Amino acid sequence: MAQKLSYLPLSLPLLCFLVLMMNSGELRVCSLDQKFSRDDFPSDFVFGSGTSAYQVEGAAFEDGKKPSIWDNFSHSGNWQGDNGDIACDGYHKYKEDVQLMMDTGLEAYRFSISWSRLIPNGRGLVNPKGLQYYNNVIDELIGHGIQPHVTLSHFDLPQVLEDEYEGWLSRKAVRDFTAYANVCFREFGDRVFHWTTFNEANMVAMAGYDMGMMPPGRCSISLFGSNCDKGNSSYEPYTVAHNMLLAHASAARLYKKKYKAAQQGSIGINVFSYWFVPYSNSVADVIATQRANEFYVGWIVNPLVFGDYPGIVKKNAGTRIPAFTNAESKYLKGSIDFLGVNHYATTYIKDRSSSLDTDNRDIMADMAIEMAYGRSPYKGLQELLEYLKHVYKDTSIYIHENGKATPSTGSLNDTSRVELMQGFIGSMLDALRNGANVKGYFSWSFLDVFEIMIGSKFGLYYVDFDDKDRRRYPKLSAYWYSSFLNGRNKNKYNVVEIKDISLDSQQSYIS
Ligand SMILES: *[C@@H]1O[C@H](CO)[C@@H](O)[C@H](O)[C@H]1NC(C)=O
Ligand SMILES: *[C@@H]1O[C@H](CO)[C@@H](O)[C@H](O)[C@H]1NC(C)=O
Ligand SMILES: *[C@@H]1O[C@H](CO)[C@@H](O)[C@H](O)[C@H]1NC(C)=O
C-alpha cells in the first residue's frame, strides 16, 4: 500500500514550463526549461506520428473498398453507433495531411494499409484504385522527405475472410495474409523500408476474442457489457495469436527470401505493452509481475525471438494453447528485425493466484494478476526499454504509439499532452543513454482520428467532425512537437507561432 501511494520522483529533466500568450490569433509558446533536444538523439533515430487506415481514411465503401471486420463491428451497434465511414476523410485529404506533417517537421509517418481496399475479396485481384491511393500516399511522403512506416494489419481483416473461415481462428488466414503481404512488398517495397505485420497482435487476440471489445467482437465471458453471442474466451485468444504468429513468420520469410536483398528494408511486429511494477515487495507480487510481462509481451515476442511461448503461459493455458512443431519453431525464431511497442501507462501488479482455481478460465484468469494504476508513468518507459533490451537480446525497438487521451471536445490548449510527450521522450532518452536499442518514436495520433475510446482523442491536430470538410486545427502539442523537431540544428526552439487560427474560431469549434 505504501508503495502505491508514493510517487517516485522524476529522474527526468524538469518538465518544461510553458508560458502561453494569446494575442490576435497568435499563440506563442515559450519552452523555458527542457533539458534535452532533438540533437541529443542520434541522427538516424526517427521521430514521427501515426494513424491507422480505418481510423483516418474514411471512404469506407468507395472506389472498390469492401468491408473489413472493423466496418462490420462499427455497424453492428458497437461504439455507441459511431463508425469510421468518413473518419478524417484522409482518403481524400492525404495531400493536405502530408503538408501538415511537413509543417510539423515529422521525419516519419506510421500508417496502415487497408487490406480490403487493396484486395477487396481478401485474396485474388488487386483493386487498381486502392493500389493508386497507397502509391500516392507513399510518393507524397517520400517527395517531402518523410519516411513511411507501414503496418499491414491494424485490426481490420477483410470481412469476407471472417465470413468464409472465421478469420484468424483459421490457419487459412496465414496463406491469405502472406499473399496480401506479397502484393505490398512487390508494389511498395521500393519505397517502404519499415514493415510491421500486425499492430498490437496481443490486443487483437485479447480485446477481439476474450473481451469482445474490438472486432470481430467475439467472447464468452462478458466484460464491459460486450455482446458475447459468439466466441469462446478460454480458447480463441490463444488460437488467434498462434495463427497470427505463423502469419507473421510466413510474411517475414517471404520478405527475406524474395525482397530484402534488393529492397534493404526491415520487418517487425507490434505489441501493446504496459510497464509493470510489483504492488508490494512480496515474493508473490514480484512473481506476478514477471508473469504479467510473459503474458502481455512474451506470449507474442518469445516465439519470434526464441521459438516458443514462455513456460508460464504454456503451463497456465494448458491444452488451450496450441503447440508449435519443431519446424514451426525454427521458422518463427529470429523472424523479427525489430519490435514495435505501443506504450501508454505503467501499472502496479498484485498477485491473484486464486483465479487459477476457476473453470473456463480466460487469458486474464490465466495471468492471475490484479492491476492498479497510480505510479507516475514516465520512468516506466525507460524501465520497459531496458527490460526489453535485456530479455530480447538487444532487439531494435520502435515506440510505435505513445500519447494522451483528452476529451474530444477539449481545448486546443492541450498542455497535458505536451507535458506527457516531454516526460516520455525524456524517459526514452535516459534509456537510450543506458544502452537501450530504441530506434524511433511515434506519437499517437497525428490527427484526432476515429477512436476506440469513444469520447477521447489523441491527436496533435484537432479535426472538426461536425464540419463536412473535416478541417484540421493544430493543438499546442503540434506546435510543441514541431519546435522540438525543428530544434535539430538550433540551440533554441522556444518560440512558435500559431498562424491560421484565432481564438474566436477556436471557441466556436471547441466547447
Ligand atoms: C456483419 O457480418 C455478419 C456475418 O457475415 C453479417 O451477418 C452481418 O449482417 C454483418 N453486419 C453488418 C452491419 O454488415
Ligand atoms: C470453449 O471451447 C471448449 C473446447 O471446445 C469447450 O469445451 C467449452 O465448452 C467452450 N466454452 C464455451 C463458453 O463455449
Ligand atoms: C493553457 O493552459 C495553461 C495550463 O492550464 C494555462 O496556464 C494557459 O493560460 C492556457 N492558455 C490559454 C491561451 O488558454
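Counting with mature numbering (1 follows the signal peptide of the UniProt record, and there is no 0), you get residues -24 to -1, 1 to 487 for the letters of the sequence shown.
Just so it is clear, CB atoms sit at the ideal spot from N, CA and C, and this is done for glycine as well.
The structure displayed is predicted, hence computed values, not measured ones.
Check the DSSP bridge columns for residue i and list the partner residues they point to.
i, result
"Leu94", "DSSP output for Leu94 lists no bridge partner at all."
"Thr172", "Thr127, Gly244"
"Glu377", "Asn318"
"Val414", "Ile373"
"Thr382", "Lys433"
"Tyr85", "Ser25, Pro124"
"Val253", "Tyr324"
"Pro134", "Ser44"
"Leu423", "Tyr437"
Confirm, please, whether the CB-CB distance from residue j to residue i is below 9 angstroms.
i, j, result
"Val262", "Leu315", "no"
"Ser419", "Asn378", "yes"
"Lys380", "Leu396", "yes"
"Ser92", "Val136", "yes"
"Leu423", "Leu436", "yes"
"Leu308", "Leu221", "yes"
"Gln75", "Ile430", "no"
"Gly283", "Ser305", "yes"
"Ser403", "Gly356", "yes"
"Lys41", "Arg446", "no"
"Pro279", "Thr215", "no"
"Ser25", "Met77", "yes"
"Asn410", "Gln358", "yes"
"Ser432", "Thr391", "no"
"Ser249", "His170", "no"
"Gly98", "Glu140", "yes"
"Thr173", "Ala223", "yes"
"Tyr272", "Phe21", "no"
"Trp144", "Asn219", "yes"
Within the same chain, show all residues whose beta-carbon is closer than 8 angstroms to that of residue i, passing over the 5 residues directly before and after it, in chain order.
i, result
"Gly426", "The question names Gly, yet the displayed sequence has Phe at residue 426. Within the same chain, Phe426 has close Cβ partners Tyr30, Gln31, Val32, Asp58, Asn59, Gly60, Ala63, Cys64."
"Leu101", "Ile95"
"Ser52", "Gly193"
"Leu(-15)", "Low confidence applies here, because Leu(-15) scores a pLDDT of 25, under 50, leaving its location unreliable; read the following figure in that light. Cβ neighbours of Leu(-15) beyond the five flanking positions: Ser352, Tyr354, Lys355, Gly399."
"Leu332", "Asn292, Ala341, Asp342, Ala344"
"Asn103", "Asp39, Gly40, Lys41, Arg93, Leu94, Ile95, Pro96"
Assign residue i to one of three DSSP states: helix, strand, or coil.
i, result
"Lys451", "coil"
"Glu142", "coil"
"Asp327", "strand"
"Gly26", "strand"
"Tyr438", "strand"
"Pro18", "coil"
"Ala149", "helix"
"Glu346", "strand"
"Leu101", "coil"
"Asp406", "helix"
"Ser7", "Model confidence at Ser7 stands at a pLDDT of 45, short of 50, so the residue's coordinates are unreliable; what they give is reported in the following sentence. Of the three classes helix, strand and coil, the one that applies to Ser7 here is strand, per DSSP."
"Glu38", "coil"
"Lys206", "coil"
"Thr301", "coil"
"Glu163", "helix"
"Phe271", "helix"
"Met340", "helix"
"Phe223", "Reading off the sequence, residue 223 comes out as Ala, not Phe. Correct three-state label for Ala223: helix."
"His218", "helix"
"Ser13", "coil"
"Val367", "helix"
In chain order, what residues of the same chain lie with their CB nearer than 6 angstroms to the CB of residue i, ignoring the 5 residues before and after it?
i, result
"Lys475", "Caution is warranted here: a pLDDT of 38 is assigned to Lys475, below 50, making its placement in the model unreliable, and no coordinate value can be reported."
"Ser313", "For the sequence presented, residue 313 should be read as Asp rather than Ser. Excluding residues within five positions, the ones whose Cβ falls inside 6 angstroms are Ser242, Ile243, Gly244."
"Val281", "Tyr368"
"Asn175", "Thr127, His130, Asn246"
"Asp342", "Asn292, Ala293"
"Ala217", "Ala181"
"Asp370", "Asn413"
"residue 553", "Here the chain comprises residues numbered -24 to 487, so residue 553 is not present and cannot be evaluated."
Leaving aside the five residues before and after residue i along the sequence, list all residues of the same chain whose C-beta is less than 7 angstroms from its C-beta, in chain order.
i, result
"residue 488", "Residue 488 is absent from the structure shown; the chain starts at -24 and stops at 487."
"Asn465", "Unreliable positioning characterises Asn465 in this predicted model, as indicated by a pLDDT of 35, which lies under 50. The coordinate reading is nonetheless provided below. Correct list: empty, nothing qualifies."
"Ile114", "Pro124, Phe164, Arg167, Val168"
"Ile89", "Ala29, Tyr110, Val126, Leu128, Cys160"
"Ala268", "Phe252, Ile325, Met343, Ile345"
"Lys36", "The sequence given here places Ala at residue 36; Lys does not occur at that position. Contacts found: Asp47, Gly60, Asp61."
**Message:** Could you check whether the stretch 249 to 256 touches the stretch 192 to 211, counting it as contact only if at least three pairs of C-beta atoms, one from each stretch, sit closer than 8 angstroms?
**Reply:** By the Cβ rule, the stretch 249 to 256 does not count as touching the stretch 192 to 211, because fewer than three pairs are nearer than 8 angstroms.
**Request:** Kindly confirm or deny that the stretch 104 to 115 and the stretch 144 to 155 touch, where touching means at least three C-beta pairs closer than 8 angstroms.
**Result:** The answer is no - the stretch 144 to 155 does not touch the stretch 104 to 115, with fewer than three Cβ pairs under 8 angstroms.
**Prompt:** Would the stretch 293 to 300 and the stretch 369 to 376 be scored as touching if the rule is three or more Cβ pairs under 8 angstroms?
**Reply:** No contact exists between the stretch 293 to 300 and the stretch 369 to 376.
**Message:** So, does the stretch 336 to 343 touch the stretch 43 to 52, judging by three or more C-beta pairs under 8 angstroms?
**Reply:** Here the stretch 336 to 343 makes no contact with the stretch 43 to 52; the two share fewer than three CB pairs at distances below 8 angstroms.
**Prompt:** Is it true that the stretch 224 to 238 meets the stretch 155 to 164, where meeting means three or more beta-carbon pairs spaced less than 8 angstroms apart?
**Reply:** These segments touch.
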